[in-house]
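In order, the protein sequences belong to chains B and E. Going by our numbering, the first sequence opens with residue 1007, and the numbers climb by one from there. Going by our numbering, the second sequence opens with residue 1007, and the numbers climb by one from there. C-beta: ideal position from N, C-alpha, C; glycine also. From a predicted model like this one, the values you see are computed outputs, not experimental measurements.
Number of protein chains: 2
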Amino acid sequence: MIADVNLMFEENKIYGLLGRNGAGKSSLLNIMTNRIFASAGEVKIDSESVADNDSKLGLMYLMSEVDLYPNGSKLSQIVSDSELMYGGFDHQLADKLIEEFGIDMTQKFGKLSTGYNSIFKLILALCLPVKFVILDEPVLGLDANHREIFYSELLASYSENPRTFILATHLIEEIATIISDVIILDQGRIILNQPVEDVLARTHSVVGPKNDVESYTKGLNVVGHDNIGNIRANYVYGDLDDRRLPDTVQLSNFDLQKLFVFLTNQYEGGKHHEN
Amino acid sequence: MIADVNLMFEENKIYGLLGRNGAGKSSLLNIMTNRIFASAGEVKIDSESVADNDSKLGLMYLMSEVDLYPNGSKLSQIVSDSELMYGGFDHQLADKLIEEFGIDMTQKFGKLSTGYNSIFKLILALCLPVKFVILDEPVLGLDANHREIFYSELLASYSENPRTFILATHLIEEIATIISDVIILDQGRIILNQPVEDVLARTHSVVGPKNDVESYTKGLNVVGHDNIGNIRANYVYGDLDDRRLPDTVQLSNFDLQKLFVFLTNQYEGGKHHEN
C-alpha cells in the first residue's frame, strides 16, 4: 500500500529509490507509468496529467520484472516494435551494448535466462528516446562483470544525453556512487528524499569507550549501535551540535546501506534506542 | 559444460564458489547432489560414491533456484516432511529465524515472493542435520536488512555447529569476509581454489605515474589496469619479486570482486595487457 506519497522528480537527476521488500517501490513505479491506477492522486509531467495521455506516457520507459513482450518474439523484432512505438532508438549505442554484454539478438525473448532477460531490457531502456528511464531491479541475475558494464554505460549514456533516471534496487552500495539523490520508501511512505551528498554528510559513527560514547551522543538521533568488547559504536543520523568531542572518541561517516538498514529496521528500531 | 573439474571440499570450511553466468556453477552443484548425472567422473563423501547412495546424499542439502516442493503445501508441512526425510530439524534455531525474517509458516509455498522463497529455503538449509550445506544464489531477492540477518545467522550457526558450507553467489564483496576459501569456476574449469587470505595477499594495486608503474610491473602478472588522467593503476595478481619500489609509486591490495572480474573477463582480458 502506498499512502501520502508526494514526489517530484527533477530533470537530469539520477535517483536511487530504496525500500525493503514489500515497501511499495514497484507499486509506485507502476502507478507512475500508468500500469496500475492510483485510488487517489495523480501523476504529472510538466504539469500535465499522465493518465490516458499517450504523449506523456511515451516519455517514460519502465524496465521491471514483469515481462510485457511475447515469449515467441525475437529480440530484434521487439527492438523494431519498440522503435516504432517510442519514435526512435539509438542503434549505435545498442550495437555497442550488444557486443559488450555478448547478447544474441536473434534469440527469442522467452528463452532468455534471468540475467540476459535483465540485460535485454536494460538495452531497450538506455536506447529508447525517453526523458524518464525507470529501472526496477536492473541488475537482477547479472554477474559482477555485467554489473560493472551496466553501471559504467549508464553513466556514459547519462553524460552524453542527460535525462532522468530512477533506479530501484536492493544493491545499495553498488549504486551509492552513481546516484545524485536518494529516496527511501518505508511502509508506503517516503522517509527520506535528499541529495546523497547531504545524506552521507549527516551520518556519523561515534566509536570509543561505552560511557564516553553514550554521554557524547546523549540527545542526538542515534539510529543504531554495535558493541565490540568494551568498545561501543553509536550511529548518529543528523547534526552533532557543537558539543566537545572527548579525546577517547573517534568520529567518521558510515555508508548508505547501513543507514538504510537502520532507518527501515522495524524489529531492531526499538532495540537501538535502548540502553 | 563442466570439464576436468577436480574438487575436494574439506570439513568445516566455508567455501565461496564464484563464476560468471553460464560458467557451470549450478551444473556442478547439481552433479554433486546427484540431481543430474555426470557423463564422466564421480562424487564421493569419505571415499564412498554418492550416486544412488541415500545415506551419503542425506548428508547434503542443496538450496537452489529450482523448487522441489509442491506449490500447494504449507511451509510448516514441508518442514515436517523434510524433518522425516533428513532425520532431524533444529526447531529452536528455526523459530528464531522465523521471527527475525518475519515469515508466516502457514502460507503455501507457491504463494511466496522471490525474497521469501529464498528465505524459506535458507531456513531449511540451516536447520536440517546435514554435513554439507550448499547454497546456490542464497540471497536472491533479499533486501539489505534480510541479507545482513542471513550472513550473521550463518556465521552464528557455523560457530555453534561447524560443518561445510558452499556459497555460490554473484554478490562477491558481501561474502568476502564470511568465506574461508574461494573457488573460481570459469568456462567449466577451476581457475582458482585457495584460502581467501592467501588470495587477497597476492592482489597488488600499483599506482603512480604511468612510466614508473609500467617499469615496476614489467614481467609481473598484470591482470587489469585503470587510467585516471596521467595516473596509472596496474593490478597485479601474484608475487612482486624483490624489485625496488620507486618513491612515486604506491602499493596496496585490491578486493575479491575486482580480482574476479579481471580473471573472468574474456573480452577485456586482451585489452588489459595492452597499453
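Inter-residue distance for Val1049/B and Lys1062/B is about 10 Å (C-alpha atoms, whole angstroms). Contact of Thr1254/B with chain E is not assigned, every C-beta pair being separated by 9 Å or more. Annotation: Ser1186/E to Gly1022/E spans about 8 Å, alpha carbon to alpha carbon. Interface residue (Cβ-Cβ distance to chain E less than 9 Å): Leu1148/B is classified as such. A contact between stretches requires three or more CB pairs, one per stretch, nearer than 8 Å, and the segment 1231-1245 of chain B meets this requirement with the segment 1193-1212 of chain B.
Within the segment 1198-1225 of chain B, the alpha helix (DSSP H) runs of at least 4 residues that lie entirely inside it are, in chain order, 1202-1207, 1216-1223. Secondary-structure assignment with DSSP links Asp1142/E through a beta bridge to Ala1174/E. Non-local C-beta neighbours of Tyr1222/E in its own chain, meaning closer than 7 Å and more than five positions away in sequence, comprise Val1212, Arg1249, Leu1251, Pro1252, Val1255, ordered along the chain.
In terms of Cβ geometry, Ile1051/E and Phe1138/E form a close pair [threshold 9 Å]. Between Asp1149/E and Arg1153/B a beta carbon distance of about 18 Å is seen, past the 8 Å cut, so the two are scored as non-contacting. When Cβ-Cβ separations below 9 Å define contact, Gln1263/E makes contact with chain B. Among the residues facing chain E, Arg1153/B is included, as its CB has a counterpart in that chain under 9 Å away. Not flagged as an interface residue toward chain E: Ile1104/B, since no C-beta distance is shorter than 9 Å. Chain-order list of chain B residues neighbouring Thr1270/E: Asn1151, by C-beta distance under 7 Å. Contact between the segment 1083-1092 of chain B and the segment 1155-1173 of chain B is absent: fewer than three C-beta pairs spanning the two stretches fall below 8 Å. Annotation for Ser1061/E: the continuous alpha helix (DSSP H) segment containing it runs 1060-1063.
Minimum Cα-Cα distance from Gln1193/B among the listed residues Gly1030/B, Leu1132/B, Tyr1122/B corresponds to Gly1030/B. Here Ile1037/E has Ala1044 as same chain residues with Cβ atoms under 6 Å from its own Cβ, once five neighbours each way along the sequence are excluded. Contact check for Leu1024/E against Ile1190/E passes: the beta carbons are separated by less than 9 Å.
Counting only Cβ-Cβ distances below 7 Å, Val1267/B has contacts in chain E at Ala1150, Asn1151, Glu1154, in chain order. Nearest to Asp1204/E by alpha-carbon distance, out of His1097/E, Val1219/E, Val1188/E, is Val1188/E. Among the CB atoms of chain B, one or more fall inside 9 Å of the CB of Glu1179/E. Between Gly1047/B and the set Leu1013/B, Glu1106/B, Glu1220/B, the nearest pair of CA atoms involves Leu1013/B. Taking 9 Å as the cut-off between beta carbons, the residues of the segment 1023-1045 of chain B near chain E are Leu1024, Gly1025, Arg1026, Asn1027, Gly1028, Ala1029, in sequence order. Annotation: the continuous beta strand (DSSP E) that includes Asp1187/B extends over 1187-1192. Leu1024/B is bridged by DSSP to Ile1190/B. Close to chain E, meaning a Cβ-Cβ distance shorter than 9 Å, is no residue of the segment 1198-1227 of chain B at all. Taking a beta-carbon distance threshold of 9 Å, Gly1121/B counts as an interface residue toward chain E. Taking Ile1084/B as the centre and dropping the five residues before and after it, the same chain places the C-beta of Tyr1075, Phe1115 closer than 7 Å to its C-beta, in chain order. The beta carbon of Phe1107/E sits closer than 7 Å to the beta carbons of Ile1125, His1152, Ile1155 from its chain, once the five residues preceding and following it are set aside; these are given in chain order. Val1136/E has its alpha-carbon roughly 16 Å from the corresponding atom of Glu1054/E. Within the segment 1243-1271 of chain B, complete alpha helix (DSSP H) segments of at least 4 residues are found at 1262-1270, given in chain order.
In the displayed model, Val1056/B falls within coil according to three-state DSSP, outside both helix and strand.
Taking a beta-carbon distance threshold of 9 Å, His1176/B counts as an interface residue toward chain E.
For Arg1153/E, the three-state secondary structure derived from DSSP is helix.
Per DSSP, the unbroken alpha helix (DSSP H) holding Leu1081/E starts and ends at 1081-1092.
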